[in-house]
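> Sharing a structure below in structure tokens format, with a few things to ask.
In our numbering, the protein residues as written are 1 to 276.
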């Protein structure tokens, strides 16, 4: 009877901890890693863009439509059933001055409303100052991914903020990845490649706001950039948490070696005097 009771207790104490581990493992595997993505739009509204076509603001308006459609494609989702992606967006436009038209927000309607109000500035093109301002707006201390979509033709008329390539490299050092998107066919490709991250097959790749030979926005460019962002975010945010479960105790180790002989003790006290 005693043996039966002992076996029941032993079985219970063995199964319950294992079950608890399994429960913990299931919960851990079900959790999705939070992966916030920030996308900042940098839109060139200088003369080199605005004066390329008639009416004057048509290319600027196409850039605005491109960004609006791009933003509307950004949906919070669980990507690859592993990471929970949520988006926030912000933007500025520039010529020889910089105007921040929207601080970072997760509200697409508010962003698009502010985007619609921008008008071309004209004058010169100081892309380095635009990139410097973009970097200052990014949540660099927060977890997640930071991207900039820079819509420009690659031309500059000055570099009062240290130079376009220097500011692009500074943004990269801060953890921001930059995509370069052309607003027309009249571009300075070397300038666009100085802005874009490597490899250019992912971050430049002949991206354009308009389809070639068309006045329609290039949705393929939008889809490609968004897919690169998601895949890149997955590589950074995904953690194989299911492999982090603590396993069972290992077998008892081998008996250790016999210890070394101790030092000789100090002399003891004298004993009592013996009997006569």
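All residues carry an ideal CB built from backbone N, CA and C; glycine is no exception.
Because the structure is a prediction, the values reported are computed rather than measured.
For residue 231, which three-state DSSP category applies?
For the purposes of this step, residue 231 is taken as the residue at position 231 of the chain shown. Looking at residue 231 - three-state DSSP - the assignment turns out to be helix.
> What beta strand (DSSP E) runs, 3 residues minimum, are completely inside the segment 49-88?
77-79
> Classify residue 225 as helix, strand or coil using the three-state DSSP reduction.
In the chain shown, counting from the first residue as 1, residue 225 sits at position 225. Here residue 225 sits in helix by DSSP.
> Reducing DSSP to helix, strand and coil, say where residue 208 ends up.
As a working note, residue 208 is residue 208 in the chain shown. DSSP, read as helix, strand or coil, puts residue 208 in strand.
> Which residues share a DSSP beta bridge with residue 145?
Position 145 of the chain shown, counted from the first residue, corresponds to residue 145. DSSP lists 37 as partners of residue 145.
> Using a threshold of 7 Å, state whether the C-beta atoms of residue 95 and residue 56 are closer than that.
Position 95 of the chain shown, counting from 1, holds the residue named residue 95. Position 56 of the chain shown, counting from 1, holds the residue named residue 56. No, they are not a contact pair.
> To the nearest whole angstrom, what separates the beta carbons of residue 88 and residue 36, a pair I think is in contact under 8 Å?
As a position in the chain shown, residue 88 is number 88, starting the count at 1. As a position in the chain shown, residue 36 is number 36, starting the count at 1. About 7 Å separates the two Cβ atoms, so the contact holds.
> Which residue marks the beginning of the beta strand (DSSP E) containing residue 177, and which one marks its end?
What you label residue 177 is simply residue 177 of the chain shown in a count that begins at 1. Residues 176-181.
> Which residues bound the beta strand (DSSP E) around residue 254?
As a first step, residue 254 must be located in the chain shown, where it is residue number 254. Residue 254 -> no beta strand (DSSP E), and no H or E assigned at all.
> On the CB-based measure, 16 or more other CB atoms within 10 Å of its CB, does residue 136 come out buried or exposed?
Looking up residue 136 in the chain shown gives position 136. So residue 136 counts as exposed.
> Straight-line CA distance for residue 284 to residue 99?
Lying outside 1 to 276, the shown extent of the chain, residue 284 is not represented and no answer is given.
> Are there 16 or more other CB atoms within 10 angstroms of the CB of residue 48, so buried, or fewer, so exposed?
Translated into positions along the chain shown, residue 48 becomes position 48. So residue 48 ends up on the buried side.
> Grab me the residues of residue 280's own chain with a C-beta within less than 7 Å of its C-beta, minus the 5 sequence neighbours each way, in chain order.
The chain is shown from 1 up to 276; residue 280 falls before or after that span and cannot be answered.
> Within 10 angstroms of its Cβ, does residue 204 collect 16 or more other Cβ (buried), or is it exposed?
Taking the first residue of the chain shown as position 1, residue 204 is located at position 204. Buried, by the Cβ-count rule.
> Can you tell me whether DSSP reads residue 104 as helix, strand or coil?
Within the chain shown, the letter at position 104 stands for residue 104. Strand at residue 104.
> Would you call residue 143 buried or exposed, if buried means 16 or more other Cβ atoms sit within 10 Å of its Cβ?
Position 143 of the chain shown holds residue 143. Per the 10 Å Cβ criterion, exposed.
> Alpha carbon to alpha carbon, how far is residue 53 from residue 148?
Within the chain shown, residue 53 is the residue found at index 53, counting from 1. Within the chain shown, residue 148 is the residue found at index 148, counting from 1. Cα atoms of residue 53 and residue 148: separation of roughly 26 Å, rounded to the nearest angstrom.
> Skipping 5 residues on each side, what residues in its chain have a beta carbon closer than 8 Å to that of residue 110?
Sequence index remark: in the chain shown, residue 110 carries index 110 (1-based). For residue 110, where only same-chain residues beyond five positions count, the Cβ hits under 8 Å are 102.
> Which residue's Cα is closest to the Cα of residue 93: 51, 72 and 42?
Here residue 93 corresponds to residue number 93 of the chain shown, with the count starting at 1. If we check each option's Cα against that of residue 93, 42 comes out closest.
> Can you tell me whether DSSP reads residue 91 as helix, strand or coil?
Position 91 of the chain shown holds residue 91. Secondary structure of residue 91 (DSSP, three-state): strand.
> Since residue 134 and residue 40 are thought to touch, with beta carbons under 8 Å apart, how far apart are those beta carbons, to the nearest angstrom?
By one-based count along the chain shown, residue 134 stands at place 134. By one-based count along the chain shown, residue 40 stands at place 40. 5 Å between Cβ atoms; contact.
> What distance in whole Å lies between the Cβ atoms of residue 145 and residue 232, which are believed to be in contact at a cut-off of 8 Å?
Sequence index remark: in the chain shown, residue 232 carries index 232 (1-based). Sequence index remark: in the chain shown, residue 145 carries index 145 (1-based). Contact flag correct, Cβ pair sits at about 7 Å.
> For residue 80, which residues of its own chain have a beta-carbon under 7 Å away from its beta-carbon, when the five flanking residues on both sides are left out?
Locating residue 80 in the chain shown gives position 80, counting from the first residue. Excluding positions up to five away in sequence, the list reads 234.
> Taking the alpha carbon of residue 139 as the reference point, which residue from 163, 157, 175 and 166 has its own alpha carbon closest?
Taking the first residue of the chain shown as 1, we reach residue 139 at position 139. The candidate whose alpha carbon is nearest that of residue 139 is 175.
> Here's the rule: buried if 16 or more other CB atoms are within 10 angstroms of the residue's CB, otherwise exposed. What is residue 126?
Locating residue 126 in the chain shown gives position 126, where the first residue counts as 1. Classification for residue 126: buried.
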